[in-house]
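Take a look at the structure below.
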Amino acid sequence: MSINVMSEKKVSGLSLGFIGCGTMGVAVLSGILAALATESKTAPPSPFPSTPSTPTHLPTSFVACVKRPESATRLGKIFPQATLSPSTSPPVTIIAGDNTRGAQLSDIVILGCKPQIVSEILSVEATRDALRGKLLISICAGVTLAQLGALVDPSTRVIRVMPNTASRIRDSMTVISCDPAVIPQEERDLVFWIFSQIGRAIFLAEKHMDASTALCGSGPAFMALVLEAMADGGVMMGLPRVEAQMMAAQTMRGTAGMVLEGEHPAIIREKGA
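Okay, so the sequence shown: first residue is 0 according to numbering that gives the first Met the number 0, each after it adds one.
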C-alpha cells in the first residue's frame, strides 16, 4: 500500500525516508516540514561548542514506511495539510508493509523502529541492497554503531542519533554520534540540520551515548517529578492546581533558558535563595 499525501509530481533534491514512523518519526518529519515551509531554522546562539553550518542540499521529498495499513491511514491524517498546497509543500509518500521500497525511494534513511526488531528489518537482503551506498540514521535506543554496521552492507554509512520525547513539541535535546572518518562533513551538517528542526542538537563520541540516553532520554521524567513537587508545594500554600502547575513549568523553562544563555546554575541558585 502506498499513499502519496501531497503530490505525484517528481521533486528534485534529496529524498529522506523513515523506516518506522511512530511518535519520534512523526516529530522529526513534522519539524522538517515546518522548517521548509518557512525559513530554515538554525540552532539558537549558545555558549557551547560551535555547531555545523547549514548544508548545501536539504531534503525536498519524504517517504514514511509503516507496518500496517491502519498506521498509513493514521499518518495521512497527521499530515492533512499536504493535500491543500501540493505546489508549495514537499511530497510525502506513505508506504505500508514494504520497507525495501521505502529504502529504494530514499537517498537518506532514518531507522525509527523498535530496537528489538532492528536486526529483523536490516537482515532482509533486499533492504540491505536498497541501503547500499546510502546514509542510515538510527534513532533506535541502545543499538550501537558496531551492531548497525554488522547488519548493513559495508558501503552503507551509519550515524547514531538519540532524540528525546520533547521532539513532539520541537524542543528535544538530541545527541548525534558517528565516525568522522566515515561520514563526510556535508552529511554531518545535514544530520545536524535535520535534528535542529526538533530542538537542540550536539555531536558527541559514541562512548558518551549511554550516559546521554540516561540524561536526555530519562531527563524529562526527572524534570517532571521536580515540577510536580513544585506545583504540589504551591497547592499546599493555597494556589489553584492549574495555575500552580503552569507557574512551576514556566519557572523551570525560564531557569533552563538562563542556563542555555550561559548563566551557571550555582549563580542562579545563589541569586534566588
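Glycine is no exception: its CB is placed at the ideal position from the N, C-alpha and C atoms.
query                                                                                                                                                           : result
Can you find the residues in the same chain that come closer than 6 Å, C-beta to C-beta, to R159, ignoring five residues on each side of it along the sequence? : S137, L144 and S176
Based on Cα-Cα distance, which residue from G101, C215 and A165 lies nearest to L15?                                                                            : G101
Tell me which residue opens and which closes the beta strand (DSSP E) that M236 is part of.                                                                     : Per DSSP, M236 belongs to no beta strand (DSSP E) and is neither H nor E.
Where does R100 sit, in a helix, a strand or coil, going by DSSP?                                                                                               : helix
Pull up the CB-CB distance for R156 and V174, whole angstroms please, since I reckon it's below 8 Å.                                                            : About 18 Å separates the two Cβ atoms, so there is no contact after all.
Which value, in whole angstroms, describes the spacing of the CA atoms of S195 and P219?                                                                        : 18 Å
I want to see whether chain B comes within less than 8 Å of V65, judged by CB atoms only; does it?                                                              : Of the chains in the structure shown, none is chain B; there is only one protein chain.
State the DSSP-derived secondary structure class of R159, mapped to helix, strand or coil.                                                                      : strand
In the DSSP assignment, find the unbroken alpha helix (DSSP H) run with F194 in it and report its ends.                                                         : Q184 to S195
Could you check where the alpha helix (DSSP H) with I266 kicks off and where it finishes?                                                                       : P264 to G271
Give the range of the beta strand (DSSP E) segment to which R199 is assigned.                                                                                   : G198 to F202
Would you mind stating whether T55 and E186 have Cβ atoms separated by less than 8 Å?                                                                           : no
Could you check where the beta strand (DSSP E) with S176 kicks off and where it finishes?                                                                       : S171 to S176
Give me the Cα-Cα distance between P264 and T250, rounded to the nearest whole angstrom.                                                                        : 14 Å
For the stretch 106-115 and the stretch 18-29, state whether three or more C-beta atom pairs, one from each stretch, are separated by less than 8 Å.            : yes
Can we say the stretch 228-248 touches the stretch 63-76, given the rule of at least three CB pairs closer than 8 Å?                                            : no
Apply the 10 Å Cβ neighbour rule to A204 and answer buried if 16 or more other Cβ atoms are within range, or exposed otherwise.                                 : exposed
In the DSSP assignment, the alpha helix (DSSP H) including S211 goes from what residue to what residue?                                                         : M208 to S211
Which residues in the same chain have their Cβ closer than 6 Å to the Cβ of G24, if we skip the five residues on either side of it in sequence?                 : F17 and G111
Considering S154, what are the terminal residues of the beta strand (DSSP E) in which it resides?                                                               : From DSSP, S154 is part of no beta strand (DSSP E); its letter is neither H nor E.
From the DSSP output, in three-state form, read off V62 for me.                                                                                                 : strand
Please return the same chain residues whose Cβ sits closer than 8 Å to the Cβ of V225, not counting the five positions on each side in sequence.                : M251
Roughly how many whole angstroms lie between the Cα atoms of T92 and V62?                                                                                       : 5 Å
Provide the residue(s) that pair with I18 in DSSP beta bridges, ordered along the chain.                                                                        : C64 and L110
On the CB-based measure, 16 or more other CB atoms within 10 Å of its CB, does F191 come out buried or exposed?                                                 : buried
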